[in-house]
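Colleague: Handing you a structure now.
There are 2 protein chains.
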Amino acid sequence: MAATEGGPRLIDVARAAGVSIATASRALAGTPGVRPAVAEAVRRQADELGYVANVHARTLAGGHSRTVGLVVHEIGDPYFSEIASGLLRLADTEGLSLQICHTGRDPGAELRQIRTLVAHRVAAIVVAGSGFVDAAVEEPARRELERYAANGGRVAVIGRHHLGADAVLPPNEEGGRAVAEHLLALGHRQIAVITGSPVLTTVADRLAGVHAALADAGLDPAAAPVVEGPFTRDGGRECARRVLAEHPGTTAILALNDDMAIGCLSVLREAGVAVPDRMAVTGFDDVAVAVDLNPSLTTFRLPMAQMGEAALTLALKEPTSRPRRHHVVGELVVRGSTAVTAPAAAGAATP
Amino acid sequence: MAATEGGPRLIDVARAAGVSIATASRALAGTPGVRPAVAEAVRRQADELGYVANVHARTLAGGHSRTVGLVVHEIGDPYFSEIASGLLRLADTEGLSLQICHTGRDPGAELRQIRTLVAHRVAAIVVAGSGFVDAAVEEPARRELERYAANGGRVAVIGRHHLGADAVLPPNEEGGRAVAEHLLALGHRQIAVITGSPVLTTVADRLAGVHAALADAGLDPAAAPVVEGPFTRDGGRECARRVLAEHPGTTAILALNDDMAIGCLSVLREAGVAVPDRMAVTGFDDVAVAVDLNPSLTTFRLPMAQMGEAALTLALKEPTSRPRRHHVVGELVVRGSTAVTAPAAAGAATP
DNA sequence: GTGAAAGCGCTAACAA
DNA sequence: TTGTTAGCGCTTTCAC
Chain H
1 MAATEGGPRL
11 IDVARAAGVS
21 IATASRALAG
31 TPGVRPAVAE
41 AVRRQADELG
51 YVANVHARTL
61 AGGHSRTVGL
71 VVHEIGDPYF
81 SEIASGLLRL
91 ADTEGLSLQI
101 CHTGRDPGAE
111 LRQIRTLVAH
121 RVAAIVVAGS
131 GFVDAAVEEP
141 ARRELERYAA
151 NGGRVAVIGR
161 HHLGADAVLP
171 PNEEGGRAVA
181 EHLLALGHRQ
191 IAVITGSPVL
201 TTVADRLAGV
211 HAALADAGLD
221 PAAAPVVEGP
231 FTRDGGRECA
241 RRVLAEHPGT
251 TAILALNDDM
261 AIGCLSVLRE
271 AGVAVPDRMA
281 VTGFDDVAVA
291 VDLNPSLTTF
301 RLPMAQMGEA
311 ALTLALKEPT
321 SRPRRHHVVG
331 ELVVRGSTAV
341 TAPAAAGAAT
351 P
Chain U
1 MAATEGGPRL
11 IDVARAAGVS
21 IATASRALAG
31 TPGVRPAVAE
41 AVRRQADELG
51 YVANVHARTL
61 AGGHSRTVGL
71 VVHEIGDPYF
81 SEIASGLLRL
91 ADTEGLSLQI
101 CHTGRDPGAE
111 LRQIRTLVAH
121 RVAAIVVAGS
131 GFVDAAVEEP
141 ARRELERYAA
151 NGGRVAVIGR
161 HHLGADAVLP
171 PNEEGGRAVA
181 EHLLALGHRQ
191 IAVITGSPVL
201 TTVADRLAGV
211 HAALADAGLD
221 PAAAPVVEGP
231 FTRDGGRECA
241 RRVLAEHPGT
251 TAILALNDDM
261 AIGCLSVLRE
271 AGVAVPDRMA
281 VTGFDDVAVA
291 VDLNPSLTTF
301 RLPMAQMGEA
311 ALTLALKEPT
321 SRPRRHHVVG
331 ELVVRGSTAV
341 TAPAAAGAAT
351 P
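Taken in sequence, the protein lines are chains H and U. Under the UniProt record's numbering, the first residue of the first sequence is numbered 1, with each subsequent residue one higher. Under the UniProt record's numbering, the first residue of the second sequence is numbered 1, with each subsequent residue one higher.
Here it is in structure tokens:
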């Protein structure tokens with residue numbers, strides 16, 4: 001600990017090893033062209049002094065960063081924490097550090113966070129939060145990212161954005177379709193959809209899939225109630241109550257994510273509505289706990305950890321002239337919250 | 001976009017505004033001593049050029065970092081993602097960026113991650129993963145952090161560590177005691193504990209609380225089966241199976257975290273063991289989904305988000321000569337997985 | 001109030 | 001193989 005505040009510097013190590021700062025740098029970086037014995041001596045001295053290279057100096061001098069940024073809506077949300085987990089695992093094996101930002105689904109915050117990551121000159125930025133249907137909302141962020149990319153930064157997004165970047169695309173529409181078809185196959189005709197704000201592409205795409213399935217079955221999509229609230233567990237509770245009150249003939253509630261489905265199940269339990277006998281419920285995402293609910297949740301599985309990994313993989317590749325699209329495969333997972341038989345007679349739940 | 005690869009620099013802004021680089025720096029940093037009109041002009045130019053200050057250059061020159069590091073076992077785990085969420089929220093309002101590392105409960109990885117954060121010269125490091133009972137295991141990390149602190153870094157930990165740092169201390173022992181007393185009060189006498197590895201202080205402390213309660217009730221703590229497995233949902237499944245097979249008289253399973261309790265519930269459901277009638281189950285932590293399980297989970301609530309916030313708060317304060325200890329208050333939350341009445345006759349589950 | 005210039009700690013030419 | 005040196009982009013004295 002010979003050092004002044006800030007710790008030992010490369011020059012301290014070099015002096016201790018009796019070499020120049022350049023040689024010390026090479027030895028520590030593993031650059032070839034240093035006699036093994038010298039390199040070894042340098043490393044030993046570094047170790048002894050507890051030397052840890054200053055990343056800022058290194059990045060500034062070298063021009064390359066070993067940090068990547070991840071933008072999520074909310075890291076406490078399992079959907080995003082599972083994405084983060086997969087991404088972090090890959091980052092770790094690649095020797096990259098991860099900086100996480102959250103936006104709370106606010107486009108303004110998203111822009112601020114992106115600027116922060118740009119300021120850090122991260123090697124890549126992964127935007128994991130849902131895109132917005134209205135391209136204008138994302139325009140400032142798009143410009144910022146475009147500039148960042150023009151300056152050598154790499155960008156990848158998860159979901160459908162208007163960001164002009166490489167994208168990992170979850171099968172939202174297919175999933176919405178699959179879930180709806182599953183309910184239709186069980187005989188449900190009075191299906192209520194509970195959902196987050198349709199300004200999000202995630203919501204819009206899942207809903208489009210649901211409507212397509214209804215139309216294919218000869219039903220009028222416009223006739224199916226769509227009840228909207230926050231895209232969270234509490235939003236699910238709120239919407240479920242409204243479905244119960246305003247659409248009494250409903251035999252199935254199709255939630256556009258697991259969080260809402262979970263909130264919905266809790267309301268139904270409190271209201272004494274048997275699931276799946278009097279009401280079928282489905283979710284979307286297959287977060288880890290979906291299987292542990294009782295009844296366990298029928299849902300459309302998205303491989304979140306893989307999606308995080310895939311996004312970072314895209315971001316780490318050389319850019320192409322036009323954005324890449326990596327399509328992810330999902331899977332309907334049928335569990336206890338939807339009966340394997342036809343629903344109880346519609347209208348049974350009518351007051 | 002007049003800039004070379006890397007984006008516009010301060011000097012580009014300064015030139016565009018017709019001032020020196022020093023004035024531009026002051027204007028952008030909000031340092032007093034710049035004529036308002038000039039400052040305004042600089043800011044406008046910066047905006048126009050899309051200038052974003054290089055954090056590395058800034059940190060290197062200024063000596064202060066606006067990034068903090070968080071070390072967790074696994075960010076996909078709700079316990080940690082909720083801690084991260086609380087911490088991130090505070091970091092955000094303080095204008096700090098967050099870098100996250102995970103260790104997978106491996107002390108070696110923990111050391112590596114700490115070194116990475118030191119290399120980044122983060123302003124503070126928060127270690128959120130459980131400590132290890134064996135001080136020797138943490139010794140290398142302790143030395144690294146000590147050196148970091150000596151060089152002006154700030155450290156805070158969550159849980160009992162041998163790291164010599166400010167600590168946020170969850171009431172693990174009290175919680176273990178509370179859960180056990182609750183089961184005892186319900187009349188349970190055949191209580192099996194399922195747990196993660198006792199090398200973790202979190203596990204050791206919770207277990208100590210349980211044993212203390214048993215002893216106070218006049219029972220022999222050594223007589224209560226303690227079944228150990230991974231501190232995860234799957235570990236809970238494994239341990240629950242073993243309890244069923246090896247300790248047939250058991251009327252209550254006390255899991256030392258919610259993850260294990262959740263796995264346990266799923267095994268009991270598959271085995272057709274009614275909860276809470278034939279078997280009571282308790283968890284620890286009160287992760288978000290605990291309330292949504294069916295039966296909902298009786299558990300000891302830890303305010304994870306607050307703990308994350310408190311840890312960062314400690315880390316942001318001026319250091320004191322001896323480590324601070326911030327004690328957190330928890331709360332027993334009684335739910336459906338423990339009956340409100342005495343248990344079914346012991347032995348009912350005997351083959 | 002403003003500018004010139006000296007670093008911050010490191011990497012990467014370029015020399016030797 | 002090793003050393004010298006010029007920056008990387010910014011903050012911050014110190015003069016003016």
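Just so it is clear, CB atoms sit at the ideal spot from N, CA and C, and this is done for glycine as well. Because the structure is a prediction, the values reported are computed rather than measured.
1. Less than 7 angstroms between C-beta atoms, sequence neighbours within five positions excluded: which residues of the same chain meet that for H:P230?
2. Output, in sequence order along the chain, the residues in the region 144-157 of chain H whose CB is closer than 7 angstroms to any CB in chain U.
3. Hey, does H:V52 have any beta-carbon neighbour from chain U nearer than 8 angstroms?
4. Is U:F80 helix, strand or coil by DSSP?
5. Between U:I11 and chain H, is the shortest Cβ-Cβ distance under 8 angstroms, so that the two count as touching?
6. Between the alpha carbons of residue 426 of chain U and U:L214, how many angstroms are there, rounded?
7. In chain order, what residues of the same chain have a beta carbon less than 7 angstroms from the beta carbon of H:A41, not counting five sequence neighbours either side?
8. So with Cβ pairs under 8 angstroms, would you call H:G76 a contact of chain U?
9. Quick one: Cα of H:A348 to Cα of H:I194, how far?
10. Express the C-alpha separation of H:N294 and U:V291 in angstroms, rounding to a whole number.
11. In chain order, what residues of the same chain lie with their CB nearer than 8 angstroms to the CB of H:Q306, ignoring the 5 residues before and after it?
12. Whole angstroms is fine: what's the gap from U:L256's alpha carbon to H:G176's?
13. Looking at chain H, is there any beta carbon in it that lies within less than 8 angstroms of the beta carbon of U:R269?
14. Taking 8 angstroms as the threshold (beta carbon to beta carbon), is U:V168 in contact with chain H?
15. Of the residues that make up the region 288-306 of chain H, which ones have a beta carbon closer than 8 angstroms to any beta carbon in chain U?
16. Looking at C-beta atoms only, is the number of pairs between the region 33-50 of chain U and the region 168-182 of chain H that lie closer than 8 angstroms three or more?
17. What residues from the region 91-105 of chain H come within 8 angstroms of chain U, judged by C-beta to C-beta, listed N to C?
18. Taking contact to mean at least 3 C-beta pairs separated by less than 8 angstroms, is the region 105-117 of chain H in contact with the region 141-149 of chain H?
19. Would you check if there are 3 or more beta carbon pairs closer than 8 angstroms linking the region 20-32 of chain U to the region 65-84 of chain U?
20. Can you tell me whether H:L244 is helix, strand or coil according to DSSP?
21. Nearest CA to the CA of U:D285: which residue from U:A119, U:V273, U:G272, U:V334?
22. Checking contacts by CB at 8 angstroms: is U:H120 closer than that to chain H?
23. If we ignore side chains and look at the alpha-carbon of each, how far apart do U:A165 and U:G336 end up?
24. When you compare the region 120-131 of chain U with the region 58-75 of chain U, are there three or more beta-carbon pairs, one atom per stretch, that lie closer than 8 angstroms?
25. According to DSSP, what are the bridge partners of residue 352 of chain U?
26. At a threshold of 7 angstroms, does U:V289 count as lining the ligand COA (C-beta to nearest heavy atom)?
27. Would you mind stating whether H:V226 and H:R242 have Cβ atoms separated by less than 8 angstroms?
28. With H:Q113 as the anchor, note down where its alpha helix (DSSP H) starts and where it stops.
29. Report back the beta-carbon spacing between U:A149 and U:L312 to the nearest angstrom; my notes put them in contact at under 8 angstroms.
30. Could you have a look at U:I191 and say whether DSSP puts it in helix, strand or coil?
31. Specify, as a first and last residue, the run of the beta strand (DSSP E) that U:V71 falls within.
32. Mind checking if U:T338 is an interface residue toward chain H, Cβ cutoff 8 angstroms exclusive?
33. If you follow the beta strand (DSSP E) that H:E228 is in, where does it begin and where does it stop?
34. Using a Cβ-Cβ cut-off of less than 7 angstroms, list which residues of the UniProt domain "HTH lacI-type" (8-62) of chain U approach chain H; keep chain order.
35. Leaving aside the five residues before and after H:P8 along the sequence, list all residues of the same chain whose C-beta is less than 6 angstroms from its C-beta, in chain order.
36. If you check the beta carbons only, do H:T250 and H:A192 fall under 8 angstroms apart?
Modeller: The short version:
1. By 1-based counting over the first sequence, the position of residue 230 of chain H is 230. G196.
2. Hits within the stretch, in order: R147, A150, N151, G152.
3. Looking up residue 52 of chain H in the first sequence gives position 52. So, interface residue.
4. Residue numbering aside, residue 80 of chain U sits at position 80 when the second sequence is read from its first letter. In this structure, U:F80 counts as helix in the three-state DSSP scheme.
5. Sequence index remark: in the second sequence, residue 11 of chain U carries index 11 (1-based). No, U:I11 does not count as interfacial toward chain H.
6. This structure leaves residue 426 of chain U out entirely; chain U is present only between 1 and 351.
7. Locating residue 41 of chain H in the first sequence gives position 41, where the first residue counts as 1. A17.
8. Against the first sequence, residue 76 of chain H aligns to sequence position 76. Interface flag for H:G76 against chain U is set, since a Cβ pair is found closer than 8 angstroms.
9. Start at 1 with the first residue of the first sequence, and residue 348 of chain H comes out as number 348. Start at 1 with the first residue of the first sequence, and residue 194 of chain H comes out as number 194. For H:A348, the predicted structure reports a pLDDT of 40, less than 50, and the residue's modelled location is therefore unreliable. The matter cannot be settled from this model.
10. As a working mapping, residue 291 of chain U is identified with position 291 in the second sequence. As a working mapping, residue 294 of chain H is identified with position 294 in the first sequence. Looking at the two C-alpha atoms, the distance is approximately 12 angstroms.
11. In the first sequence, the residue the question calls residue 306 of chain H occupies position 306. G86, V328, listed in sequence order.
12. Within the second sequence, numbered from 1, the residue matching residue 256 of chain U stands at position 256. Within the first sequence, numbered from 1, the residue matching residue 176 of chain H stands at position 176. When rounded, the distance between both Cα atoms is 38 angstroms.
13. Looking up residue 269 of chain U in the second sequence gives position 269. So yes, U:R269 belongs to the interface.
14. On the second sequence, residue 168 of chain U is found 168 positions in, with the first residue counted as 1. So no, U:V168 is outside the interface.
15. For the region 288-306 of chain H, residues whose beta-carbon sits nearer than 8 angstroms to a beta-carbon of chain U comprise A288, V289, V291, D292, L293, N294, P295, A305.
16. These segments do not touch.
17. The residues in question are D92, S97, L98, Q99, I100, C101, H102.
18. Counting Cβ pairs under 8 angstroms, three or more are found: they touch.
19. With the cut-off at 8 angstroms, the region 20-32 of chain U and the region 65-84 of chain U do not touch.
20. Here residue 244 of chain H refers to the residue found at position 244 when the first sequence is read from its first residue. DSSP places H:L244 in helix when its eight states are reduced to three.
21. Position 285 of the second sequence, counting from 1, holds the residue named residue 285 of chain U. Comparing Cα positions, the closest option is U:V334.
22. Looking up residue 120 of chain U in the second sequence gives position 120. At least one C-beta of chain H is nearer than 8 angstroms to the C-beta of U:H120.
23. In the second sequence, residue 165 of chain U corresponds to position 165, counting from 1. In the second sequence, residue 336 of chain U corresponds to position 336, counting from 1. When only Cα atoms are considered, U:A165 and U:G336 end up about 39 angstroms apart.
24. Counting C-beta pairs with one atom in each stretch, the region 120-131 of chain U and the region 58-75 of chain U have three or more that are closer than 8 angstroms, which means they touch.
25. Because chain U in this structure spans residues 1 to 351, residue 352 of chain U falls outside the shown range and cannot be described.
26. Because no ligand of any kind appears in the structure shown, any question about the ligand COA cannot be addressed here.
27. Here the question's residue 226 of chain H lines up with position 226 in the first sequence. Here the question's residue 242 of chain H lines up with position 242 in the first sequence. Between H:V226 and H:R242, the C-beta gap is not smaller than 8 angstroms, which leaves the two residues out of contact.
28. Numbered from its first residue, the first sequence carries residue 113 of chain H at position 113. Element bounds for H:Q113: 107-119.
29. As a working mapping, residue 149 of chain U is identified with position 149 in the second sequence. As a working mapping, residue 312 of chain U is identified with position 312 in the second sequence. Taking C-beta atoms under 8 angstroms as the contact rule, U:A149 and U:L312 fail to qualify, at a distance of about 16 angstroms.
30. In the second sequence, the residue the question calls residue 191 of chain U occupies position 191. Looking at U:I191 - three-state DSSP - the assignment turns out to be strand.
31. Here residue 71 of chain U corresponds to residue number 71 of the second sequence, with the count starting at 1. Unbroken beta strand (DSSP E) run through U:V71: 67-72.
32. Here residue 338 of chain U refers to the residue found at position 338 when the second sequence is read from its first residue. Closer than 8 angstroms: no.
33. Numbered from 1 along the first sequence, position 228 holds the residue referred to as residue 228 of chain H. Here the beta strand (DSSP E) through H:E228 covers 226-228.
34. For the UniProt domain "HTH lacI-type" (8-62) of chain U, which is checked against every Cβ of chain H, the residues closer than 7 angstroms are G50, V52, A53, N54, V55, H56, A57, T59, L60.
35. What you label residue 8 of chain H is simply residue 8 of the first sequence in a count that begins at 1. So the qualifying residues of the chain are L49, Y51.
36. For the purposes of this step, residue 250 of chain H is identified with residue 250 of the first sequence, where counting begins at 1. For the purposes of this step, residue 192 of chain H is identified with residue 192 of the first sequence, where counting begins at 1. Contact: yes.
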